[in-house]
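Heads up: the sequence shown begins at 1 in the UniProt record's numbering, then just goes up one per residue.
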Amino acid sequence: MHPLLHTKDNMACEEVMNALEECHARGFMWKAMGMCNNAKKDLVQCLRAERWKNQSANRGNVQDKKDRIRQKWKEIDENS
């Protein structure tokens, strides 16, 4: 696996990543015949779901931050 895939952010997909690594370890012909395609498809779906969760959380955090900034500017405008 690519080193960046093994991070704390992808712990939910660790089992699927290990399954794909084990499939790839069986050899080139195993991969070339498409025997690892299902494992790869499962990994892509898992990583996509994790990315979606992270994006949703980030959007919420950004909105909170924007609201705090607007409130601060409102306070500054009222006190000026």
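Cβ coordinates follow ideal geometry from the N, Cα and C atoms, glycine included.
Item, Value
"Compute the beta-carbon to beta-carbon distance between residue 24 and residue 36, rounded to the nearest angstrom, for a pair I have assumed lies under 8 angstroms.", "6 angstroms"
"Is residue 34 helix, strand or coil by DSSP?", "coil"
"So is residue 16 buried or exposed if we call it buried at 16+ other beta carbons inside 10 Å?", "buried"
"I need the straight-line Cα distance from residue 70 to residue 19, nearest angstrom please.", "48 angstroms"
"From residue 21 to residue 61, what distance separates their C-alpha atoms?", "34 angstroms"
"Applying the 10 Å Cβ sphere with the 16-neighbour rule, what's the burial state of residue 10?", "buried"
"I need the boundaries of the alpha helix (DSSP H) containing residue 18, first residue and last residue.", "14–25"
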